[in-house]
Amino acid sequence: MKVVKFGGSSLASAEQFAKVGKIIRADKTRRYVVPSAPGKRHNKDTKVTDMLYKCYGLAEADEDFRVLLMKIKDRYDSIINGLNLRVNLEEEFKVISKNFKEKIGEDYAASRGEYLNGIVMAAYLGYKFIDAAEVILFDEDGNLKLEETLKVLRARLEETPNAVVPGFYGSKPDGSIKTFSRGGSDITGSIVARAVHASLYENWTDVSGCLVADPRIIDNPVPIDVITYRELRELSYMGASVLHEDAIFPVRKAGIPINIKNTNAPEDPGTLIVESTVTKPSYTITGIAGKKGFVAVNIDKDMMNGEVGFCRKVLQAFEENDISIEHMPSGIDTMTVFVHQDEFKEREQQIIGSIRHKVDPDIIDMEGDLALVAVVGRGMKSTRGTAGRIFSALAHSKINVKMIDQGSSELNIIIGVSNSDFEDAIKAIYDIFVETRL
Ligand code: ASP
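The numbering of the sequence shown is the numbering used here, which starts it at -11 and goes up by one.
So, in structure tokens, the structure goes:
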């Protein structure tokens, strides 16, 4: 049995709905469907969720929100009419309008995108509609109550062979609506998959899986066929956007793989995300990702190495200023701390002052505008010379490497370069492993 989640661009219009219908009907085991709200139909379009946030903002400011609300209704009506469905959302929109007037809450407003799309989807497929407010449960503070949710959801779905459960929201004990953070329909899909012990969680989007590198930097990067949860976590953390971060946990625990698939090219295999695999990655590396905007704080002090507690005191200066640390390469009498530039810059002088006070260093200097590039791959462990190839590729491209960090798991190598070398560094690494398959 499969649980299928469709993203906003897969459900943006009647044409897209028709593709989704074909996909679901092609496989009887696709029994539970989690839709997002209608997304963008083209580059300049606006997602229904964003329209709802804006519309509710007007309601809260006591401005006229009805024109925008009717525009949202038009989005649904064009889907309903395009599919020749006999669904009428008139009453639903009356209720929404009344609730907006009463300023019921932003989460309620945002959740209506998925709620209404769920109603339309259920009518289109002839599946039962289950309001997520009844089965996805949060506590008073807005934290998901996973165990209780699984229990309630399982009981409901056991008696329903096919159902549509809208993504992105649930309810608190007082009945008020609570959403996950943006992109949260991925989490709902994962929870539903876990509740019904699905054999696979299919996450349908508009790309043929996770890509080896960012398509804004590399033209037509190749997709990744199989990736482990740990690799995915490393790549997502470094900026590759594939799935909502919190979507991994529910299925990972139950050993359910996720298949990222493309609604516009359903025959493409997409990317399979698994706990572990003996499948060798197609290239030595699985993926490359990175982020700009870091600062390196270098601290030098003669005989630092012999001073017990030195690192702790330096790190405390960051902790006391609520700054999280990204990496910490060190030498005998020097240590460097990598932090996010935007966070750090606001507390810069306090932190420097505090380090001086705590450890009395000989020199503190800083270098900003740095980028980190992560080269991730389970294949690196069993391959010799990966680091050598990375650094010779960077040297050939005349890129100065400012920091190197390889975790003991040998799952990734992190390289620090200037912000201005970021794109070239990714291109050089992609070329050497993928284009020339060295
Ligand atoms: N519609 C919501 C958003 O735009 C949730 C989702 O699509 O997953 O963030």
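No residue lacks a Cβ here, since even glycine has one placed at the ideal position from N, Cα and C. If you're wondering where the values come from, they're calculated on a predicted model, not measured in any experiment.
Mind reading off the beta-carbon distance from Val140 to Tyr189? Whole number of angstroms is fine, and I expect it under 8 Å.
Wrong, their Cβ atoms sit about 19 Å apart, outside the cutoff.
Quick one: what's got a C-beta closer than 7 Å to Ser264's C-beta in the same chain, skipping five residues either side?
So the list reads Thr216, once near-sequence residues are dropped.
To test your reading of the DSSP string, which unbroken alpha helix (DSSP H) runs of 4 or more residues are found completely within the segment 295 to 327?
DSSP runs (the alpha helix (DSSP H)) wholly in the segment 295 to 327: 298 to 308.
Simplified DSSP state of Val266, which is helix, strand or coil:
Assignment of Val266 by DSSP, reduced to helix, strand and coil, places it in the coil class.
Would DSSP call Ile206 helix, strand or coil?
If DSSP states are grouped into helix, strand and coil, Ile206 belongs with coil.
Examine the ligand ASP and report whether any of its heavy atoms sits within less than 8 Å of the Cβ of Lys35.
The ligand ASP approaches Lys35 closely enough that one of its heavy atoms is under 8 Å from the residue's Cβ.
How far does the beta strand (DSSP E) with Thr374 in it extend, from its first residue to its last?
Element bounds for Thr374: not the beta strand (DSSP E) but the alpha helix (DSSP H), Thr374 to His384.
Opposite Arg182 in the DSSP bridges: which residues?
In the DSSP output, where bridge partners are listed per residue, Arg182 has none listed.
Ends of the alpha helix (DSSP H) at Lys89?
Taken as a continuous stretch (DSSP letters only), the alpha helix (DSSP H) holding Lys89 covers Glu78 to Lys89.
Using CA coordinates, which residue listed in Gly275, Asn150, Thr176 and Tyr271 is at the minimum distance from Cys198?
Among Gly275, Asn150, Thr176 and Tyr271, the Cα nearest to that of Cys198 is on Gly275.
Suppose you measure from the CA of Gly101 to the CA of Arg204; what does that come to, to the nearest Å?
Taking the straight line from one Cα to the other gives about 29 Å.
Best match in Lys16, Tyr157 and Lys166 for proximity to Thr176 [C-alpha to C-alpha]
Taking only the C-alpha atoms, the option nearest Thr176 is Tyr157.
Sequence-distant residues of the same chain with beta carbon closer than 8 Å to Cys43, five excluded per side
Non-local C-beta neighbours of Cys43 in its own chain, meaning closer than 8 Å and more than five positions away in sequence, comprise Phe53, Leu56, Leu57, Ile60, Phe88 and Ala97, ordered along the chain.
Could you tell me whether the segment 244 to 261 touches the segment 337 to 347, where touching means 3 or more Cβ pairs closer than 8 Å?
The segment 244 to 261 is not in contact with the segment 337 to 347.
Whole-angstrom Cβ separation of Ser1 and Arg29, contact assumed at under 8 Å?
So it is a contact: roughly 5 Å between Cβ atoms.
Is there at least one non-hydrogen atom of the ligand ASP closer than 8 Å to the beta-carbon of Ala25?
Indeed, a heavy atom of the ligand ASP lies less than 8 Å from the Cβ.
Buried or exposed for Glu78, please, with buried defined as at least 16 other CB atoms from any protein chain shown within 10 angstroms of its CB.
So Glu78 ends up on the exposed side.
Counted within 10 angstroms of its Cβ, other Cβ atoms place Glu136 as buried (16 or more) or exposed
With a 10 Å radius around the Cβ and a threshold of 16 neighbouring Cβ atoms, Glu136 comes out exposed.
Please confirm whether any heavy atom of the ligand ASP lies closer than 8 Å to the CB of Ala359.
Relative to the ligand ASP, Ala359 has its C-beta separated by 8 Å or more from all heavy atoms.
Rounded to the nearest angstrom, what separates Met316 and Lys390 at their Cα positions?
Taking the straight line from one Cα to the other gives about 13 Å.
Can you tell me where the beta strand (DSSP E) with Lys249 in it begins and where it stops?
Looking at the DSSP string, the run of the beta strand (DSSP E) that includes Lys249 is Ile246 to Asn250.
Cβ-based burial, Val152 [other Cβ within 10 Å; buried from 16]
With a threshold of 16 other beta carbon atoms within 10 Å, Val152 meets it and is buried.
At a cut-off of 8 Å, would you count Ser173 as near the ligand ASP, judging by its Cβ distance to the nearest heavy atom?
It does: the Cβ of Ser173 is within 8 Å (strictly closer) of some heavy atom of the ligand ASP.
Below 8 Å, can you find three or more Cβ-Cβ pairs linking the segment 275 to 292 to the segment 225 to 240?
Touching, yes, given that three or more Cβ pairs across the two stretches are closer than 8 Å.
For Arg221, the three-state DSSP class (helix, strand or coil)
Note: Arg221 maps to helix in three-state DSSP.
Would you mind sorting Ser187 into buried or exposed? The rule is 16 or more other CB atoms within 10 Å of its CB.
Burial call: exposed.
Among residues of its own chain, excluding the 5 on either side of Lys369, which ones have a beta-carbon nearer than 7 Å to its beta-carbon?
Only Glu398 meet the Cβ criterion.
Proximity winner among Glu147, Ile236, Leu360 and Gly155, relative to Asp95 (alpha-carbon distances):
That would be Gly155, whose Cα lies nearest to the Cα of Asp95.
Span of the beta strand (DSSP E) around Arg444:
The first residue shown for the chain is -11 and the last is 426, placing residue 444 beyond what the model contains.
Counting along the chain, where does the alpha helix (DSSP H) carrying Leu134 start and finish?
Counting along the chain, the alpha helix (DSSP H) containing Leu134 begins and ends at Leu134 to Glu146.
Nonlocal neighbours in the same chain, by C-beta distance under 6 Å from Ala235, ignoring five residues either side:
Counting only Cβ-Cβ distances below 6 Å, and skipping sequence neighbours, we find Asp174, Ile175 and Ser178.
Nearest neighbour of Arg182, chosen from Glu146, Ile165 and Val210 [CA to CA]:
The residue from Glu146, Ile165 and Val210 with its alpha-carbon nearest to that of Arg182 is Glu146.
Hey, would you say the C-beta of Arg170 is under 8 Å away from at least one heavy atom of the ligand ASP?
Within the cutoff, so yes.
Taking the alpha carbon of Arg63 as the reference point, which residue from Gly356, Gln4, Asn388 and Glu423 has its own alpha carbon closest?
Looking at the Cα atoms, Gln4 is the closest of the given residues.
Hey, could you find the ends of the beta strand (DSSP E) Val285 is sitting in?
Element bounds for Val285: Gly275 to Asp288.
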